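Count along the sequence shown starting at 1, add 260, and that's the number in my numbering. We put the CB at the ideal spot given by N, CA and C, even for glycine. Note that this is a predicted model, so its numbers are computed, not measured. Have a look at the structure below, then the notes.
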Amino acid sequence: MTPLRPVLLFDVMETLVTEPFYEAMPNFFGMTLEELLAVKHPTSWREFETGSLTEEQFIGRFFADGRFVDRDALRRCMYDAYEWIDDMQALLGELCAGGYAIHALSNYPSWYEMIEAKLQLSRYLEWTFVSCLTGVRKPDVRAYRRAAESLGVSVGECLFVDDRTVNVEAAQAAGMDAIVMTDARQLRSELQVRQLI
């Protein structure tokens, strides 16, 4: 039987939670973002996100030149920087109270556990489709199709929300309804148009 409501799939970083990479992480290393991008390892973050590297391996390959990184201090920096995007906790709570099934569909490494420890997103959603658990990163079409298959619904029975256009376009290409989120007010309007709230 077709569900009356879509399953909601949310990106996490810069959709629900602030992304430390742009400010907190460069500041931690005493660099600008541009300087950090120039010296970090070119593939280690993506490999960490798909679970191909352990945290220890990632830290050892954080910089292209292999310089030392204080893992515990970097973890503290990341933990401290995780915050809710303005008004998103309230909106997510409203959707949860409305009875929607809500899942994370997000590119992130095992550090998602630090987000959970600090902000407890699991009050509202399940951390079902984090790339470090699935081994697949958006915008790979498999990320969307496997999520729907795992949930026992068609891709057309899902609504995906992300702040990045490339990920939303890939979801739409896979057959999902999808929204590019800019802020909570705009997302609320998009949901109201769909008569979901």
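Residue nearest to residue i in terms of C-alpha spacing, selected from the options
i: leucine 456; options: Leu297, Asp347, Glu309 and Leu355; result: Leu355
i: alanine 324; options: Leu334, Asp330 and His301; result: His301
i: methionine 441; options: Thr388, Thr275, Cys418 and Tyr282; result: Thr275
i: valine 267; options: Met291, Ala407 and Val453; result: Ala407
i: isoleucine 319; options: Ser370, Glu376, Leu379 and Ile375; result: Ser370
i: methionine 348; options: Asp340, Tyr339, Arg321 and Leu379; result: Leu379
i: alanine 298; options: Ser382, Phe322 and Leu381; result: Phe322
i: tyrosine 384; options: Leu411, Gly353 and Pro399; result: Gly353
i: threonine 303; options: Gly290, Glu295, Met291 and Gln317; result: Gln317
i: tyrosine 372; options: Glu315, Asn427 and Ala357; result: Glu315
i: leucine 411; options: Thr425, Glu429 and Trp387; result: Trp387
i: glycine 358; options: Arg265, Arg454 and Val453; result: Arg265
i: alanine 341; options: Pro286, Thr394 and Arg327; result: Pro286
Cut-off 6 Å between Cβ atoms - residues of its own chain near residue i, not counting five sequence neighbours on either side
i: glutamate 307; result: Leu313
i: alanine 431; result: Tyr404, Phe420 and Ala438
i: cysteine 337; result: Ala284 and Phe288
i: leucine 334; result: none
i: asparagine 367; result: Glu309, Ser391, Arg397 and Lys398
i: glutamate 450; result: Ile439
Opposing strand residues paired with residue i [DSSP bridges]
i: phenylalanine 323; result: Lys300
i: alanine 433; result: Looking at the DSSP assignment, alanine 433 forms no beta bridge with any residue, so it has no partner.
i: phenylalanine 318; result: Per DSSP, none; premise fails for phenylalanine 318.
i: valine 272; result: Looking at the DSSP assignment, valine 272 forms no beta bridge with any residue, so it has no partner.
i: isoleucine 439; result: Val421
i: tryptophan 344; result: Val277
i: isoleucine 362; result: Leu268
Own chain partners of residue i with C-beta closer than 7 Å, once the 5 adjacent residues on each side are dropped
i: glycine 351; result: Here residue 351 is leucine; the residue named in the question, glycine, does not match the sequence. Around leucine 351: Ala444, Leu447 and Arg448.
i: methionine 261; result: The pLDDT assigned to methionine 261 is 37, lower than 50, so where the model puts this residue is not dependable; a value taken from the coordinates is nonetheless given after this. Closer than 7 Å at the Cβ level, and outside the excluded window around methionine 261, lies no residue.
i: glutamate 279; result: Met273
i: tyrosine 282; result: Leu293
i: serine 382; result: Glu376
Nearest-angstrom Cβ-Cβ length linking residue i and residue j, presumed shorter than 8 Å
i: alanine 364; j: phenylalanine 389; result: 6 Å
i: aspartate 422; j: aspartate 330; result: That pair is no contact at about 32 Å.
i: cysteine 392; j: leucine 269; result: That belief does not hold up - the Cβ atoms of cysteine 392 and leucine 269 are roughly 17 Å apart, past 8 Å.
i: alanine 434; j: valine 401; result: 5 Å
Cβ neighbours of residue i in the same chain (closer than 8 Å, five flanking residues each side left out)
i: tyrosine 339; result: Met374, Ala377 and Lys378
i: glutamate 343; result: Val277, Thr278 and Leu379
i: isoleucine 345; result: Glu274, Thr275, Leu276, Val277, Thr278, Asp443 and Ala444
i: valine 396; result: Thr310, Arg402, Ala403 and Arg406
i: methionine 436; result: Leu269, Tyr404, Ala408, Val415, Gly416, Cys418, Leu419 and Phe420
i: leucine 296; result: Met285, Pro286 and Phe289
Any non-hydrogen atom of the ligand ZN closer than 7 Å to residue i Cβ
i: aspartate 271; result: For the ligand ZN, the structure offers nothing, since it holds no ligand at all.
Open item on the list: As an exercise, report each continuous beta strand (DSSP E) stretch of at least 3 residues that is fully enclosed by the segment 386 to 430, in chain order.
Closed with: DSSP runs (the beta strand (DSSP E)) wholly in the segment 386 to 430: 386 to 390 and 418 to 422.
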